[in-house]
Amino acid sequence: MSYAIISLGGKQYRVQPGERLLVDRVKTEAGKTFQPTVLLVGGDGKDVDLKPKTAVTARVVEHVLGDKVRIGKYRPKNGFKKHTGFRASLTRIEIEAIGSSKAAAPKKAEEPKAAAKPEAQPEPKPRKAEVAGAVPEGYAKLTVAQIAELAPTWDLLTLEAALAYEGEHGKRKGATAALESAIAAQKEGEH
1479 MSYAIISLGG KQYRVQPGER LLVDRVKTEA GKTFQPTVLL VGGDGKDVDL KPKTAVTARV
1539 VEHVLGDKVR IGKYRPKNGF KKHTGFRASL TRIEIEAIGS SKAAAPKKAE EPKAAAKPEA
1599 QPEPKPRKAE VAGAVPEGYA KLTVAQIAEL APTWDLLTLE AALAYEGEHG KRKGATAALE
1659 SAIAAQKEGE H
């Protein structure tokens, strides 16, 4: 192939084998190769292929910084002057080949399953038995919204322990209100 048009970083470039380009920063490491998006291939005496099935192989030569751009701001009559600069992150690439077929995704060879082994399910971790009257595990890290959501599922002694914890440590108004309303709801349910 004589030339190809590739797309990198939202810009299009007309490339030939052996050509070096300075493009926007590419995530590929220096020395590695990659295949940019090919938009058009032509120049070999055939018609221009608008939907090419060929690939362009490019190698990252180095990552560099562009020329410094100086920016000066000035406001008249009050002495305001400000200067800043900018250097773009760029990558120098070299086009190695045009026209190699796109590498198809390697197909995984299906391994024949000799015998379906019944997979032993891991035993569930024994949970700590929640002691009546103890604050639920991880309570200190719960947000007020999570406390309001979980409080109706706790028993009365756990709710009272959580309320006592809030009084000593957090003193969060929303959590206290949620716990008090859950306690009131449980006491009404008993009567």
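Each residue of the sequence shown is one higher than the one before, counting from 1479 in my numbering.
Ideal placement from N, C-alpha and C gives every residue a C-beta, glycine not left out.
Taking the DSSP output, what are the residues bridged to residue i?
i	result
Leu-1568	Asp-1502, Val-1542
Lys-1651	DSSP lists no partner for Lys-1651.
Ile-1576	Val-1534
Leu-1620	Looking at the DSSP assignment, Leu-1620 forms no beta bridge with any residue, so it has no partner.
Lys-1559	Tyr-1552
Lys-1489	Leu-1486
Applying the criterion that 16 or more other CB atoms from any shown protein chain within 10 Å of the CB defines a buried residue, is residue i buried or exposed?
i	result
Glu-1646	exposed
Ala-1607	Note on Ala-1607: pLDDT 38, under 50, position unreliable in the model; no value is reported.
Val-1609	Bear in mind that a pLDDT of 48 at Val-1609, under 50, signals an unreliable position, so the number given afterwards is only what the model happens to contain. Under this definition Val-1609 is an exposed residue.
Leu-1528	exposed
Val-1684	The structure shown does not extend to residue 1684, since the chain is modelled only from 1479 through 1669, so no value can be given for it.
Arg-1605	With a pLDDT of 42 at Arg-1605, under the threshold of 50, the modelled position of that residue is not reliable, and no figure is offered here.
Gln-1494	exposed
Ile-1549	exposed
Gly-1616	exposed
Leu-1635	exposed
Lys-1603	Reliability fails at Lys-1603, whose pLDDT of 47 lies under 50, so the model's placement of it is uncertain and no value is given.
Ignore the nearest five residues each way along the sequence and tell me which others in residue i's own chain have a CB closer than 8 Å to its CB.
i	result
Pro-1514	Ile-1484, Ser-1485, Leu-1486, Val-1534, Ala-1536
Ala-1582	In this prediction, Ala-1582 has a pLDDT of 48, which is less than 50 and means its spatial position is unreliable; what the coordinates show is noted afterwards. If we look at Ala-1582 and ignore the five residues flanking it on each side, it has no Cβ neighbours.
Gly-1667	none
Lys-1510	Arg-1537, Val-1538
Glu-1497	Glu-1572, Ile-1573
Ala-1642	none
On a CA-only basis, which of the options is nearest residue i? Give me that one, please.
i	options	result
Pro-1530	Val-1539, Val-1516, Lys-1524	Val-1516
Glu-1627	Ala-1612, Thr-1654, Arg-1570, Tyr-1643	Thr-1654
Leu-1637	Lys-1651, Thr-1621, Leu-1657	Leu-1657
Lys-1665	Glu-1644, Pro-1630, Ala-1642, Lys-1649	Pro-1630
Arg-1492	Arg-1570, Leu-1518, Leu-1635	Leu-1518
Ala-1618	Glu-1644, Leu-1635, Ala-1663, Leu-1634	Glu-1644
Lys-1649	Val-1501, Thr-1621, Arg-1498	Thr-1621
Gly-1521	His-1561, Ala-1482, Lys-1559	Ala-1482
Ala-1508	Gly-1652, Gly-1557, Glu-1540, Lys-1524	Glu-1540
Identify, in the order they occur along the chain, each residue of the same chain with its Cβ nearer than 6 Å to the Cβ of residue i, setting aside the five sequence neighbours on each side.
i	result
Pro-1584	Since pLDDT at Pro-1584 reaches only 47, below the 50 mark, its modelled position is unreliable, and the value read off the structure follows with that caveat. Nothing meets the Cβ criterion.
Arg-1565	Leu-1543, Gly-1544, Lys-1546
Leu-1500	Leu-1568, Arg-1570
Ile-1661	Leu-1637
Lys-1551	Lys-1560
Gln-1686	Summary: the structure shown does not reach residue 1686, with the chain confined to residues 1479 through 1669, and so no result is reported for it.
Thr-1562	Ile-1549
Ile-1625	Ala-1653, Ala-1656
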